[in-house]
Amino acid sequence: MVLRILPVLLLTLILSDVYLYFKFMYGRRHPLWAYFLFFLPNALLLIAALILTWTENHTPENMTQMVIFFSLYMLIALPKMLFLIVDLIGKGICLFFPRAKKACTMVSSAASLFLFCIMGAGLSFGPTLLQVRHTNFSSADLPPAFDGYRIVQFSDLHLTSFRNRPEMVEKVVERIMEQCPDMIVFTGDLVSTEANELDGFDGILSRLHAPDGVYSILGNHDYLTYAHYLSTEEQAAQREELKERQRDMNWDLLLNEHRIIRQGRDSIALVGVENDGKPPFPERGDLKKALAGIPGYGQGNDSTHMFKVLLSHDPTHWRRKVLPQTDIQLTLSGHTHGMQFMLFGWSPSKFFYPEWKYMYREGERGLYVSLGIGGALIPFRFGAWPEINVITLHNK
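Spelled out as structure tokens, the structure:
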């Protein structure tokens with residue numbers, strides 16, 4: 001990852017300091033130590049970026065180093081870069097309004113300070129600001145016995161995010177149980193790189209229970225392919241360990257399969273597929289296999305088919321395959337995290353995912369995307385706070 005973005009890191013670290021030097025220090029007399037302190041933070045970050053490029057292997061120790069580096073980069077380099085951008089815009093404005101020069105510098109400074117505060121908040125209390133988000137989904141296909149049925153979804157735990165904050169996982173479990181769910185579903189990415197991230201959390205997560213069970217699927221990180229230091233055989237062994245440990249927690253792991261959920265004489269189907277994403281993410285979902293055996297499936301008249309809820313980690317699966325190939329009424333996904341940053345409803349996620357948060361509809365069919373709870377790399381969240389999602393089903 002560091003290698004892929006190294007040019008951007010170097011450019012921002014060098015450009016921002018050069019610009020600030022010529023704006024505030026060039027042509028003025030300062031003691032030598034002032035120049036040293038001025039360039040020191042970005043110089044250290046630049047050296048760290050080069051070292052991480054050569055040593056990156058995604059071991060737990062290396063991931064800790066990367067977390068520290070990116071946290072400091074966000075706190076120090078990004079506000080400087082924003083100052084540069086806003087100040088350059090201000091210079092353009094000053095060509096037409098020369099008297100606005102001082103005001104433009106003040107605006108640049110305020111923008112930089114604002115971003116610094118956002119980064120600080122996102123790194124400190126943001127990852128633990130747990131929200132409970134409620135939504136409703138109505139369908140004429142839902143049997144009357146399931147009207148008011150409550151599904152609690154949580155996603156993208158990335159347990160390594162809470163290695164130093166185990167109380168957050170306790171809070172997640174408590175909040176889920178407070179919702180009195182009929183069913184609990186986890187939509188993938190339990191860990192980030194290794195199965196042993198579950199150590200110490202098995203007992204906490206096994207407290208989850210609901211009348212109709214706790215169900216889970218695998219996300220792209222759960223295949224452990226990010227652990228480049230492990231051989232293919234070791235990755236496969238850890239994948240199997242991760243699957244077994246979920247089952248040991250009394251979670252029903254769905255691997256391209258389904259379960260029939262019954263309420264009296266009525267029933268619905270819960271379908272779970274393996275991760276199905278665009279490259280470079282794994283594409284292992286098999287809808288045909290997962291749906292096989294559901295009453296009415298493949299028998300011609302879609303309108304009479306059983307109401308189905310699909311668990312699929314990657315929301316791009318919905319438009320690529322779910323909509324054109326099936327009659328599934330509701331799909332629950334995660335994966336995007338809202339890129340862990342949202343401001344006034346906007347997130348850079350929108351440049352990468354057509355559907356990246358909350359509910360989307362196509363006719364009578366819906367996709368719900370959870371912003372998740374943990375962080376894949378950096379324990380940072382601002383605006384896209386960690387969340388639990390309560391989806392209440394209604395009969396139209």
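In the UniProt record's numbering, the protein residues as written are 1 to 396. Yeah, the Cβ is synthetic: ideal placement off N, Cα and C, and Gly gets one too.
Between the region 384–392 and the region 144–157 there are three or more inter-stretch CB-CB distances shorter than 8 Å, so the stretches are counted as touching.
Distance between D182 and V173, taken at the CA atoms: about 15 Å. Between V271 and L291, the C-beta gap is smaller than 8 Å, which places the two residues in contact. For E257, the enclosing beta strand (DSSP E) has its first and last residue at E257 to Q263.
When secondary structure is reduced to three states using DSSP, R150 falls in the strand class. Separation of L198 and N275 (C-alpha to C-alpha, rounded to the nearest whole angstrom) is 20 Å. The alpha carbon of F83 has as its nearest neighbour, out of T105, I93, F96 and L190, the alpha carbon of T105. Taking one beta carbon from each stretch, the region 102–121 and the region 76–92 have 3 or more pairs nearer than 8 Å; the two touch. Where N42 is concerned, the enclosing alpha helix (DSSP H) starts and stops at L32 to T55. Nearest Cα to L224 within the set T55, F38, N57 and Q238: Q238. Under the DSSP assignment, S216 falls in the beta strand (DSSP E) whose first and last residues are V214 to S216. Under the DSSP assignment, I373 falls outside any alpha helix (DSSP H); it carries neither an H nor an E label. Here T232 carries a helix assignment [DSSP, helix/strand/coil].
The alpha-carbon separation between T160 and F281 amounts to approximately 20 Å.
Contact between the region 242–249 and the region 345–364 is absent: fewer than three C-beta pairs spanning the two stretches fall below 8 Å. When C-beta atoms of the region 53–68 are compared with those of the region 37–45, fewer than three pairs fall below 8 Å, so the two segments do not count as touching. With a beta-carbon spacing of about 6 Å, S312 and G285 fall inside the 8 Å limit used to define contacts.
For W346, the beta-bridge partners assigned by DSSP are L343.
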